[in-house]
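Q:
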């Protein structure tokens with residue numbers, strides 16, 4: 452069974468540009484969430500999607516957006532990049548059954564903003 | 099929103115000794131508490147989780163305890179081995195890891211000394 456796949460794995464952008472990251476969840480998983488990981492702030496929740504609907508968003512500016520497609524694949528977009536957006540962006544998928552909802556993470560997309 | 103504090107930030111123990119990592123959470127509505135292990139350059143992986151209706155859970159050398167009244171939970175690793183060296187993150191969620199995602203602690207770097 453394939454795991455959570457994120458593309459691209461590494462990318463370098465310059466300030467002011469925009470970036471789109473992709474996440475393919477485990478087959479059958481309908482919930483996809485995104486996290487930003489930095490040395491200073493740790494792992495921070497960006498947003499969560501279920502059945503193409505964003506159900507919640509973390510404390511990030513509107514430059515951070517996302518969407519989920521009918522096949523549960525998800526993309527996140529960051530516009531007008533800033534140096535502080537350099538981070539590892541992790542996607543996690545889950546089956547979302549009742550009770551504990553185990554999140555499985557992808558390997559991440561490492562974004563460097565110059 | 100939920101806030102999770104994790105201590106210590108770094109923990110060094112002799113191989114074979116036990117390690118304990120502690121977390122506190124702020125939202126009494128939180129009902130799901132997973133622990134993730136992240137090795138250098140790799141994705142976070144779930145090692146154990148506990149729901150709010152359970153006080154303790156064990157899986158071989160790993161155990162987690164939850165005190166809902168005090169709003170804290172702890173990870174216990176016994177008979178530590180070199181492969182236990184990693185960063186450990188605790189997390190909490192009010193939707194069982196669903197729509198609100200996970201709120202993570204800042205992480206504990208566990209170092210196993212030979």
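Chains as they are written, first to last, in the working numbering: chain A, 452 to 565; chain B, 99 to 212. Glycine included, C-beta positions come from ideal geometry on N, C-alpha and C.
Are the segment 177 to 188 of chain B and the segment 467 to 474 of chain A touching by the rule of at least three beta carbon pairs closer than 8 Å?
A: No, they do not touch.
Q: Look at the alpha carbon of residue 212(B) and the alpha carbon of residue 503(A), and state the distance between them as a whole number of angstroms.
A: Here residue 212(B) corresponds to residue number 114 of the second chain, with the count starting at 1. Here residue 503(A) corresponds to residue number 52 of the first chain, with the count starting at 1. Those two C-alpha atoms are separated by around 49 Å.
Q: Terminal residues of the continuous beta strand (DSSP E) containing residue 543(A)?
A: By one-based count along the first chain, residue 543(A) stands at place 92. Start and end: 538 to 545.
Q: Check whether the Cβ of residue 124(B) lies closer than 9 Å to any Cβ atom in chain A.
A: As a first step, residue 124(B) is located in the second chain; it is residue number 26 there, counting from the start. For residue 124(B), the answer is no, since every Cβ of chain A falls outside 9 Å of its Cβ.
Q: Please report the straight-line C-alpha distance between residue 535(A) and residue 491(A), rounded to a whole angstrom.
A: Taking the first residue of the first chain as position 1, residue 535(A) is located at position 84. Taking the first residue of the first chain as position 1, residue 491(A) is located at position 40. Going by the C-alpha atoms only, they are around 11 Å apart.
Q: Could you name the residues of chain B that residue 558(A) contacts, counting a contact when the two beta carbons are closer than 8 Å?
A: On the first chain, position 107 is the one that residue 558(A) refers to. Within 8 Å Cβ-Cβ: 140 and 141.
Q: Of all Cβ atoms in chain A, is any one closer than 9 Å to the Cβ of residue 208(B)?
A: By one-based count along the second chain, residue 208(B) stands at place 110. It does not: the Cβ of residue 208(B) has no partner Cβ on chain A nearer than 9 Å.
Q: Alpha carbon to alpha carbon, how far is residue 541(A) from residue 177(B)? Give it in angstroms, no decimals.
A: Against the second chain, residue 177(B) aligns to sequence position 79. Against the first chain, residue 541(A) aligns to sequence position 90. Rounded to whole angstroms, residue 177(B) to residue 541(A) spans 31 Å at the Cα level.
Q: According to DSSP, what are the bridge partners of residue 173(B)?
A: Residue numbering aside, residue 173(B) sits at position 75 when the second chain is read from its first letter. Answer is 119(B) and 162(B), bridged to residue 173(B).
Q: Quick check on this structure: which residue in 109(B), 144(B) and 162(B) has the alpha carbon closest to the alpha carbon of residue 557(A)?
A: Counted from its first residue, the first chain places residue 557(A) at position 106. It is 144(B).
Q: Short of 8 Å in beta carbon distance, which residues of its chain neighbour residue 554(A), apart from the five on each side in sequence? Order them along the chain.
A: Within the first chain, the letter at position 103 stands for residue 554(A). Only 484, 543, 544 and 545 meet the Cβ criterion.
Q: If you check the beta carbons only, do residue 486(A) and residue 200(B) fall under 9 Å apart?
A: Numbered from 1 along the first chain, position 35 holds the residue referred to as residue 486(A). Numbered from 1 along the second chain, position 102 holds the residue referred to as residue 200(B). Result yes, Cβ atoms of residue 486(A) and residue 200(B) sit closer than 9 Å.
Q: Looking at the C-beta of residue 461(A), does it have a partner C-beta in chain B at a distance below 9 Å?
A: Your numbering for residue 461(A) matches position 10 in the first chain. Taking Cβ atoms only, chain B never reaches closer than 9 Å to residue 461(A), which makes this a no.
Q: Since residue 507(A) meets chain B, which of its residues come closer than 8 Å, beta carbon to beta carbon?
A: What you label residue 507(A) is simply residue 56 of the first chain in a count that begins at 1. Ordered by position in chain B, the residues that pass the 8 Å Cβ test against residue 507(A) are 197, 198 and 199.
Q: Just verifying my parser: in three-state terms, what is the DSSP assignment at residue 147(B)?
A: In the second chain, the residue the question calls residue 147(B) occupies position 49. Note: residue 147(B) maps to strand in three-state DSSP.
Q: Is residue 503(A) close to chain E? Criterion is C-beta to C-beta, closer than 9 Å.
A: Of the protein chains in the structure, A and B, none is chain E.
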